[in-house]
Amino acid sequence: MKTAFNVEMLCKARSFGLMLVILMGLFWQSIVLADVAVIVHSSVAIGSIDAGTLKSIYLGKLKSWPDGATLTAIDQKAGSEIRKKFINEVIGRKEKKFDAYWSRKAFSGKGTPPKNLGNDVDVKAWVARYKGSIGYIDASMVDSSVKVLLIIK
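Take the sequence shown: its letters are residues 35 to 187, numbered as in this note's numbering.
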């Protein structure tokens with residue numbers, strides 16, 4: 035009788051553990067798959083941006099807006115899920131390759147990487163404050179202080 039009880043408890047514990055792992059996986063996936071909003075200072079004269087132009091900005095190939103205003107690209111914290119998603123979707127590289135690209139450019143004196151800030155709140159505050167700035171944040175963080183150019187699903 036004691037053995038049957040232990041086996042039954044073990045089966046229930048395994049079922050609970052499996053269910054917990056599945057739920058955690060679904061929760062994690064929802065975090066990773068959050069929409070990303072590409073935001074700019076409200077004074078930027080364009081209303082949308084395509085992925086190719088965005089890639090050129092974050093690779094340092096485009097340094098000014100169409101009206102000639104200086105463009106400042108703002109990046110998120112290295113290793114963050116939103117940064118990984120942005121780099122993968124927009125640049126088409128893994129984060130390490132993107133960082134290596136900028137290390138080579140910086141070492142050779144051919145460019146300065148995007149300004150790296152800590153999180154969505156910091157990026158939004160910077161972009162809202164400084165003209166010509168562009169950055170990306172979780173779409174749920176967007177408010178009237180910034181203009182959205184693109185949503186990355």
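Positions of the beta carbon are idealized from the N, C-alpha and C atoms, including for glycine.
Quantities reported herein were computed from a predicted structural model and do not represent experimental measurements.
| message | Buried or exposed for V155, going by 16 or more other Cβ atoms inside 10 Å? | response | exposed
| query | Quick one: what does DSSP say V70 is sitting in, helix, strand or coil? | reply | V70: strand per DSSP, three-state reduction.
| query | What residues in its chain sit with their C-beta under 8 angstroms from that of Q63, if we drop five residues either side in the sequence? | reply | A caution first: Q63 carries a pLDDT of 47, below 50, which makes its placement in the model too unreliable to give a value.
| Around the C-beta of D101, are 16 or more other C-beta atoms found within 10 angstroms, so that it is buried, or is it exposed? | exposed
| field | Opening and closing residue of the alpha helix (DSSP H) in which Y92 lies | value | 85 to 92
| query | Can the beta-carbon of N122 be found closer than 9 angstroms to that of K130? | reply | no
| Buried or exposed by the 16-neighbour rule on C-beta atoms within 10 Å, applied to K187 | exposed
| Where S178 falls: helix, strand or coil (DSSP) | Here S178 sits in coil by DSSP.
| query | Counting Cβ pairs closer than 8 angstroms, one from the region 160 to 177 and one from the region 66 to 78, do we hit at least three? | reply | yes
| field | S167, enclosing beta strand (DSSP E) - first and last residue | value | Taken as a continuous stretch (DSSP letters only), the beta strand (DSSP E) holding S167 covers 167 to 172.
| message | Can you list, in chain order, the residues of its chain with a C-beta nearer than 6 angstroms to that of F132? Leave out the 5 residues immediately preceding and following it. | response | I121, I125.
| query | Exposed or buried, H95, counting other C-beta atoms within 10 Å across all chains shown (16 or more means buried)? | reply | Here the sequence assigns Lys to residue 95, which means His is not the residue at that position. That one is exposed.
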